[in-house]
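Structure first, then comments.
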Amino acid sequence: MRELLIVANPDPDSRLPYLIRLPLGDGLVLRTGGTWPREKAIYCYPAGHGEWPDDPEVVERVSVRSCVRRGAAIDLVLDRARENRSQIVFTKARGRDAIFWQTARVRKQARPNVVTPTARAAGIAALPIVIDSGERYAYRFARQQAELTKKRLACGDYGIEIGGMLHAAVERKSLADLVSSLLGTRLKYQLTELAALAHAAVIVEDRYSQLFKLEHVRPAVVADGIAELQVAFPNVPIVFGETRQLAEEWTYRFLAATYAAADHSPPQPSPVDVRPEPSTAEVRAWARERGLDVPDKGRLRPEIWEAYGAAHL
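For the sequence shown, our numbering assigns the number 308 to the initial residue and increments by one for each residue that follows.
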């Protein structure tokens, strides 16, 4: 069966972090600036077959039921039950050729029309953010001052470590993931783990109002479930970040605040009770008080010293 393949772009200087290959003709290769279906429309750019890496880092591989070009669009149907229909649209934006990958379920979503700041969060020159190695489509924090490392986190998708221990974490959710994990009780277990940290939060890449436009589940059930979890876990806020870009910015600022508030002083060694060595005269006097046979002068026998040591542990 034909398949859609999404891989990491090996070009570190590219602003489009992924390559996608569609089963159309000998394979249509595009550079893409985001991932579907987490965004309404994703900007793409045509790429040559020479840009496809020999040993690609596969991000996602999905079987395709149908991939047909119809005029200025390519209709794509994936072999899965949900979020399976999308479209590649060739159009013009501001007089220039442009390609957008968008979901079939058209959803009017107001753009925030804001530019996120580039100032350092909490004055930190390079925030050390740990990204969970299992996180797909991870934030790149390209506009933020951050140093990124990947490793397996005990909980959350993005974290801050203090003294080698996980100090704060953020769990990232799309709206679809939030709903499915809530109804399947997985979200409750995730919040239980996050609540054990000094600081933690869940960031949702959508607006709260979208809960009430859900089609396959009662919106009131989801809204009530979120409210109940917030009461049960008040120290793990569930924040709706509106868009992926703003959710990334919020994650950066939140982790920076937890890092700045943490105690970075090195751990102090436990105090050791150091007792001075007793003199021979002190041990001789102690032994005589207990009726032990000791000489008036000279060295004491080893068993006398052992008895004194055992008595003063």
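Note that CB positions come from ideal geometry on N, CA and C, so glycine has one too.
With a CB to CB cut of under 6 Å and the five nearest residues on each side skipped, what residues in its chain are close to I327? Your numbering for residue 327 matches position 20 in the sequence shown. Contacts found: I313, L337 and T339.
Bridge partners of S393, per DSSP? Here residue 393 refers to the residue found at position 86 of the sequence shown. In the DSSP output, where bridge partners are listed per residue, S393 has L383 and T410.
So, T323 versus Y352, is the Cβ gap smaller than 8 Å? Residue mapping note: residue 323 aligns to position 16 of the sequence shown, counting from 1. Residue mapping note: residue 352 aligns to position 45 of the sequence shown, counting from 1. Note that residue 323 corresponds to Leu in the displayed sequence, not to Thr. Cβ distance < 8 Å, so L323 and Y352 count as in contact.
Report yes if the CB atom of R309 is closer than 8 Å to the CB atom of C374, and no otherwise. To locate residue 309, count along the sequence shown from 1; it is residue 2. To locate residue 374, count along the sequence shown from 1; it is residue 67. Yes.
Can you give the Cα-Cα distance for G466 and F547, rounded to whole angstroms? To locate residue 466, count along the sequence shown from 1; it is residue 159. To locate residue 547, count along the sequence shown from 1; it is residue 240. Approximately 19 Å between the Cα atoms of the pair.
Using 8 Å as the cut-off, can you tell me whether the region 457 to 473 makes contact with the region 499 to 516, which would need three or more C-beta pairs spanning the two stretches below that distance? yes
Tell me the rounded alpha-carbon separation between K415 and P573. Residue 415 sits at position 108 when you count from the first residue of the sequence shown. Residue 573 sits at position 266 when you count from the first residue of the sequence shown. Residue confidence is low: K415 scores 42 on pLDDT, short of 50, so the model does not pin down where it sits. No coordinate-derived value is stated.
If you check the beta carbons only, do V384 and R403 fall under 8 Å apart? Taking the sequence shown and counting its residues from 1, one reaches residue 384 at position 77. Taking the sequence shown and counting its residues from 1, one reaches residue 403 at position 96. No, Cβ-Cβ distance for V384 and R403 is not below 8 Å.
Give me the residue from S481, T587, D531 and T558 with the minimum Cα distance to E390. In the sequence shown, counting from the first residue as 1, residue 390 sits at position 83. For the residues S481, T587, D531 and T558, the minimum Cα distance to E390 belongs to S481.
Let me make sure I understand the geometry here. Which of D320, V509 and I395 has the alpha-carbon closest to that of A449? Within the sequence shown, numbered from 1, the residue matching residue 449 stands at position 142. Considering only alpha carbons, the answer is D320.
Using the DSSP secondary-structure output, state which residues sit across from R479 in a beta bridge. Locating residue 479 in the sequence shown gives position 172, where the first residue counts as 1. Its beta-bridge partners are I510.
Whole angstroms are fine: how far does the CA of L562 sit from the CA of L485? As a working note, residue 485 is residue 178 in the sequence shown. As a working note, residue 562 is residue 255 in the sequence shown. Answer to the nearest angstrom: the Cα atoms are 21 Å apart.
As assigned by DSSP and simplified to three states, the class of L323: For the purposes of this step, residue 323 is taken as the residue at position 16 of the sequence shown. In the structure shown, L323 sits in coil (DSSP, three-state: anything other than H, G, I, E or B).
Since P526 is in the beta strand (DSSP E), which residue starts that stretch and which ends it? Along the sequence shown, read from residue 1 onward, the residue named residue 526 stands at position 219. Where P526 is concerned, there is no enclosing beta strand (DSSP E), although the alpha helix (DSSP H) it sits in stretches over P526 to A539.
Apply the 10 Å Cβ neighbour rule to N316 and answer buried if 16 or more other Cβ atoms are within range, or exposed otherwise. Working through the sequence shown from its first residue, we reach residue 316 at position 9. N316 should be labelled buried.
From A507 to I431, what distance separates their C-alpha atoms? Numbered from its first residue, the sequence shown carries residue 507 at position 200. Numbered from its first residue, the sequence shown carries residue 431 at position 124. C-alpha separation (whole angstroms): 19 Å.
What does the alpha-carbon distance come out to for the pair L536 and V509? The residue labelled residue 536 in the question sits at position 229 within the sequence shown. The residue labelled residue 509 in the question sits at position 202 within the sequence shown. So the alpha carbons of these two residues sit roughly 11 Å apart.
Quick check on A417: buried or exposed, where buried means 16 or more other Cβ atoms within 10 Å of its Cβ? The residue you call residue 417 lines up with position 110 of the sequence shown. Any reading at A417 must be qualified, since the residue scores a pLDDT of 45, below 50, and its modelled position is unreliable; the value itself is stated next. That one is exposed.
Name the DSSP bridge partner or partners of E454? Residue numbering aside, residue 454 sits at position 147 when the sequence shown is read from its first letter. Bridge partners of E454: P435.
Which value, in whole angstroms, describes the spacing of the CA atoms of A405 and V422? Position 98 of the sequence shown, counted from the start, is the residue given in the question as residue 405. Position 115 of the sequence shown, counted from the start, is the residue given in the question as residue 422. Looking at the two C-alpha atoms, the distance is approximately 22 Å.
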